[in-house]
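K.L.:
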């Protein structure tokens, strides 16, 4: 049987204060998550015919996998992407030279929290018009993640 005394004991002052504090904390976290700004990750670089960047290339630059984005180079061969909530560390960069229709593909590594602003895509003068070439990011090979085998060997030595 429910009496006034059992209800009063159930809703004691301590429990009401605890429930009120929990409700305020939950509401605050929900409000924060609703209005927090998403950090944009900047990915940029240059497309050129030589390593001195004296001959820029007019090109269409696409990010293909796992996200989709497209932009064009400016008069100095530079391109820039600003992506919200980038989850992946690697992506496929596809660059198409507008003049020759030559396509260069390369995999790039990006730190999602810092972005990457030093990507270089070179179109070699020996590339044949209309062909597709796969190049490798030789500038950042040292950023590869160590294998699990090497990690375990380091732990148990």
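In this note's numbering, the protein residues as written are 2 to 158.
From the three backbone atoms N, C-alpha and C, an ideal C-beta is built for every residue, glycine too.
These numbers were taken from a predicted model, which means no experiment stands behind them.
Excluding the 5 residues preceding and the 5 following residue 122 in the sequence, name in chain order all residues of the same chain whose CB lies nearer than 6 Å to its CB.
P.N.:
48, 96 and 105
K.L.:
Give me the residue from 52, 40, 81 and 41 with the minimum Cα distance to residue 60.
P.N.:
Nearest C-alpha to residue 60: 81.
K.L.:
By DSSP, does residue 80 sit in helix, in strand, or in coil?
P.N.:
strand
K.L.:
Is the distance from the Cβ of residue 109 to the Cβ of residue 41 below 8 Å?
P.N.:
Residue 41 is positioned such that its CB atom lies no closer than 8 Å to that of residue 109.
K.L.:
DSSP state of residue 15, grouped into three classes?
P.N.:
helix
K.L.:
Nearest by alpha-carbon distance to residue 56: which of 78, 14 and 45 is it?
P.N.:
78
K.L.:
Looking only at its chain, what residues have a beta carbon closer than 7 Å to the beta carbon of residue 83, apart from the 5 residues adjacent to it on each side?
P.N.:
41 and 43
K.L.:
Thinking C-alpha only, which one of 35, 73 and 25 is nearest residue 94?
P.N.:
The residue with the shortest Cα to Cα distance from residue 94 is 73.
K.L.:
Taking the straight line between their C-alpha atoms, what separation do you get for residue 21 and residue 116?
P.N.:
Spanning the two alpha carbons is a distance of roughly 42 Å.
K.L.:
Among 75, 127, 53 and 92, which has the Cα closest to the Cα of residue 68?
P.N.:
92
K.L.:
Determine the contact status of residue 120 and residue 46, defining contact as a CB-CB distance below 8 Å.
P.N.:
yes
K.L.:
Could you tell me how far apart the beta carbons of residue 107 and residue 136 are, in whole angstroms, since I believe they sit closer than 8 Å?
P.N.:
5 Å
K.L.:
Assuming residue 113 contacts residue 90 under a Cβ cut-off of 8 Å, what Cβ separation, rounded to an integer in Å, is found between them?
P.N.:
So it is a contact: roughly 6 Å between Cβ atoms.
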